[in-house]
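*Asks:*
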Amino acid sequence: MNLVLFDLDNTLLNGDSDFEWAQFLIEQGVLDRELFEAKNLAFYEQYKAGTLDIHEFLDFQLKPLSRHSRKVLNGWRDDFMWTKVRGMISTPAQELVARHRTAGDMCIIITATNSFVTSPIAREFGVEHLIATEPEEIDGEFTGSVTGVPCFREGKVTRLESWLEQHNWGWGTFVASFFYSDSLNDLPLLGKVSHPVAVDPDATLRKHAEQHGWPILTLR
Numbered sequence: 005m006n007l008v009l010f011d012l013d014n015t016l017l018n019g020d021s022d023f024e025w026a027q028f029l030i031e032q033g034v035l036d037r038e039l040f041e042a043k044n045l046a047f048y049e050q051y052k053a054g055t056l057d058i059h060e061f062l063d064f065q066l067k068p069l070s071r072h073s074r075k076v077l078n079g080w081r082d083d084f085m086w087t088k089v090r091g092m093i094s095t096p097a098q099e100l101v102a103r104h105r106t107a108g109d110m111c112i113i114i115t116a117t118n119s120f121v122t123s124p125i126a127r128e129f130g131v132e133h134l135i136a137t138e139p140e141e142i143d144g145e146f147t148g149s150v151t152g153v154p155c156f157r158e159g160k161v162t163r164l165e166s167w168l169e170q171h172n173w174g175w176g177t178f179v180a181s182f183f184y185s186d187s188l189n190d191l192p193l194l195g196k197v198s199h200p201v202a203v204d205p206d207a208t209l210r211k212h213a214e215q216h217g218w219p220i221l222t223l224r
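Residues in the sequence shown are numbered from 5 upward in steps of one, following this note's numbering.
(1) When burial is assigned at 16 or more other CB atoms within 10 Å of the CB, is V179 buried or exposed?
(2) May I ask which residues mark the beginning and end of the beta strand (DSSP E) holding A136?
(3) Using a 10 Å radius around the Cβ and a threshold of 16 neighbouring Cβ atoms, would you call D109 buried or exposed?
(4) Is L221 closer than 8 angstroms to V201 when the C-beta atoms are compared?
(5) Return the first residue and the last residue of the beta strand (DSSP E) that T115 is part of.
(6) So, at 6 angstroms on beta carbons, what are the nonlocal neighbours of L9 in its own chain, with the 5 sequence-adjacent residues on each side left out?
(7) In its own chain, which residues sit with a C-beta less than 7 angstroms from the C-beta of L12, not counting the 5 before and 5 after it?
(8) Please report how far the alpha carbon of E38 lies from the alpha carbon of L77, in whole angstroms.
(9) Answer yes if the segment 163-173 comes into contact with the segment 143-151, meaning at least three C-beta pairs across the two stretches below 8 angstroms, and no otherwise.
(10) For L69, collect the residues of the same chain with a Cβ closer than 7 angstroms to its Cβ; drop the 5 residues on either side in sequence, then sort them by chain order.
(11) Considering only the alpha carbon of each residue, which of G217, L7, L17, F156 lies closest to E128?
(12) So, for Q50: in the same chain, excluding its five sequence neighbours on each side, which residues have a beta-carbon less than 7 angstroms away from its beta-carbon?
(13) Measuring CB to CB, does A26 end up less than 8 angstroms from N44?
(14) Thinking C-beta only, is V161 closer than 8 angstroms to L188?
(15) By DSSP's criteria, F10 is part of a beta bridge. Which residues make up the other side?
(16) Considering only C-alpha positions, which residue in the set W173, L29, M5, M85 is nearest to L66?
(17) Can you tell which of G174, D82, V131, D186 has its C-alpha closest to the C-alpha of E99?
(18) For W175 and S181, which I take to be in contact (beta-carbon distance under 8 angstroms), what is that distance rounded to the nearest angstrom?
(19) For the putative contact between D186 and D206, defined by C-beta atoms under 8 angstroms, what is the C-beta separation to the nearest angstrom?
(20) I believe K88 touches E24 by the beta-carbon criterion, under 8 angstroms. Please report the beta-carbon distance rounded to the nearest angstrom.
(21) Grouping DSSP H, G and I as helix and E and B as strand, with all else coil, what is S149?
(22) Just to confirm the assignment, what range does the alpha helix (DSSP H) spanning H199 have?
(23) Leaving out the 5 sequence neighbours to the left and right, which residues in its chain are closer than 6 angstroms to T4 when beta-carbon positions are compared?
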């Protein structure tokens, strides 16, 4: 059995669900446009440049979850899936995931975006296993903080290896390991798998992939 890892934003999705979730809340009037839109854009540019302070960003992204009930948040998330996310899912991305699932591979979506936003997206792709940044909850309501290690950069390696250990698996359990990603931020995990694949990569990842002979593909 192979281990197959998929980054989500700008890899399986033609867009960034983290960024779009904040924009959606701004459009709904939940977040003040004047206060939040410029910050959201700035954080997104920092992410693309590889300079993002993940804890500063998570404070920005998770705090709004603590101000509303889970029932209300779930309703907004359903609307977000219909109005934003489904339009970011391409047929080639669905086909890629389906090929690996049909082959019997262990498929995991591994993403820095929090699990509240991404769990329905993983289900849309038919992927059972999701490793994501985890918002803290108390009695089913979000506190605005994060639980454990954020699933970002080296944190993706930490979270994945912890997940494998919990299932009594390790890298050696699998015949081969694949990771599909678009981002320079995923170089730590791309360097751990036996088959790294650059998907519509940013300039830094494209250069690295070309230098190391990694496959480059598009899902657009």
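Built from N, CA and C at the ideal position, the CB exists for glycine as well.
Predicted, not measured: the structure shown is a model, and the values here were computed from it.
*Replies:* Considering the structure as presented:
(1) exposed
(2) 133-142
(3) buried
(4) yes
(5) 110-118
(6) I112, I114, F183
(7) S21, I113, T115, T117, T122, I125
(8) 22 angstroms
(9) no
(10) L77, F120, P139, F146, G148
(11) L17
(12) L56
(13) yes
(14) no
(15) I113, Y184
(16) L29
(17) V131
(18) 7 angstroms
(19) 6 angstroms
(20) 5 angstroms
(21) strand
(22) Here H199 belongs to no alpha helix (DSSP H); instead the beta strand (DSSP E) covers 199-203.
(23) Only positions 5 to 224 of the chain appear in this structure, which leaves residue 4 out of reach.
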